[in-house]
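For reference, the structure is listed below as structure tokens.
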Amino acid sequence: MLDPAFVRDNPDAVRERLAARGKRMDAELEALAALESERRALIPKVEELKRQQNASGEEVARAKKAGQDASHLFAANKARGAEIKTLEAELDGIETHDCFTTTEYMAIDHFGITPPGESWRAIEGGDIEVGGRIPVNPSGGLIGTGHPVGATGVRMALDCYKQVTGTAGEYQVPDARTFATLNIGGSGTTIVSLVIGR
Numbered sequence: 004m005l006d007p008a009f010v011r012d013n014p015d016a017v018r019e020r021l022a023a024r025g026k027r028m029d030a031e032l033e034a035l036a037a038l039e040s041e042r043r044a045l046i047p048k049v050e051e052l053k054r055q056q057n058a059s060g061e062e063v064a065r066a067k068k069a070g071q072d073a074s075h076l077f078a079a080n081k082a083r084g085a086e087i088k089t090l091e092a093e094l095d096g097i098e099t100h101d102c103f104t105t106t107e108y109m110a111i112d113h114f115g116i117t118p119p120g121e122s123w124r125a126i127e128g129g130d131i132e133v134g135g136r137i138p139v140n141p142s143g144g145l146i147g148t149g150h151p152v153g154a155t156g157v158r159m160a161l162d163c164y165k166q167v168t169g170t171a172g173e174y175q176v177p178d179a180r181t182f183a184t185l186n187i188g189g190s191g192t193t194i195v196s197l198v199i200g201r
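Under our numbering, think of the first position of the sequence shown as 4, with each following residue one higher.
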């Protein structure tokens, strides 16, 4: 598998290696390098949108805490999330291993939903609720559905399958096309992640 960044930074070396194997893929390599350059050019824009979305999430949390109507703020945050999703081709939701409350907080950081240490913003801003920017554990997760050790990953995969086939019932994420799992076992010694889509 070719690393797009390596192709972009070392096009001559890649061409030499391919030529040594009797292959010429100049057009494909140029297209791959161009796509990688486009992706990298979008990173600052996406990061700024995420910063704005986190700030907006704080406003939503403050408004809710003050008993104010936050629907306009929530709608603006959702629109910003849609723009980020378009730019990143992001997931529609995640089923993660929340054997402890802190585990879900860590997963939120590691999925890049918030910057490290700011996962509380996604929770207070409604980002991870069904209808939010990126629903996390719409099934209820391990805390809500139970944790049959060994079978947890199968249940998570099944919930993702239900989401992308529109059969999740009361916890269906509207228009879900791509869901991911993050399953952790043995105190972090075994980690499995799946992406399930249609």
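Beta carbons: idealized from backbone N, C-alpha and C, even for Gly.
Which residue's Cα is closest to the Cα of residue 57: 138, 157, 128, 20? Within the sequence shown, the letter at position 54 stands for residue 57. That would be 128, whose Cα lies nearest to the Cα of residue 57.
Exposure of residue 194, with buried meaning 16 or more beta-carbon neighbours within 10 Å: By 1-based counting over the sequence shown, the position of residue 194 is 191. Residue 194 should be labelled exposed.
Rounded C-alpha distance that separates residue 183 from residue 52: For the purposes of this step, residue 183 is taken as the residue at position 180 of the sequence shown. For the purposes of this step, residue 52 is taken as the residue at position 49 of the sequence shown. Near 22 Å, if we compare the C-alpha coordinates of residue 52 and residue 183.
Supposed close pair residue 136, residue 148 - CB separation, criterion 8 Å: What you label residue 136 is simply residue 133 of the sequence shown in a count that begins at 1. What you label residue 148 is simply residue 145 of the sequence shown in a count that begins at 1. Actually they do not touch by this definition, with Cβ atoms about 23 Å apart.
Report the three-state DSSP secondary structure of residue 98 (helix, strand or coil). Residue numbering aside, residue 98 sits at position 95 when the sequence shown is read from its first letter. Residue state, collapsed to three classes: strand.
How is the beta strand (DSSP E) around residue 142 delimited, first residue to last? Looking up residue 142 in the sequence shown gives position 139. It is not in any beta strand (DSSP E) - residue 142 carries neither H nor E in the DSSP assignment.
Quick check on the DSSP output: the beta strand (DSSP E) that includes residue 199 runs from which residue to which? By 1-based counting over the sequence shown, the position of residue 199 is 196. Looking at the DSSP string, the run of the beta strand (DSSP E) that includes residue 199 is 193-200.
Please name the residue, chosen from 59, 71, 97, that lies closest to residue 81 on a Cα-to-Cα basis. Working through the sequence shown from its first residue, we reach residue 81 at position 78. For the residues 59, 71, 97, the minimum Cα distance to residue 81 belongs to 59.
Select from 12, 101, 74 the residue whose C-alpha is nearest the C-alpha of residue 146. For the purposes of this step, residue 146 is identified with residue 143 of the sequence shown, where counting begins at 1. Among 12, 101, 74, the Cα nearest to that of residue 146 is on 101.
Option in 134, 105, 172, 163 with minimal Cα separation from residue 199: Here residue 199 corresponds to residue number 196 of the sequence shown, with the count starting at 1. Closest option to residue 199, Cα to Cα, is 163.
Indicate whether residue 107 and residue 144 have their beta-carbon atoms separated by less than 8 Å. Along the sequence shown, read from residue 1 onward, the residue named residue 107 stands at position 104. Along the sequence shown, read from residue 1 onward, the residue named residue 144 stands at position 141. Going by C-beta atoms, residue 107 is nearer than 8 Å to residue 144.
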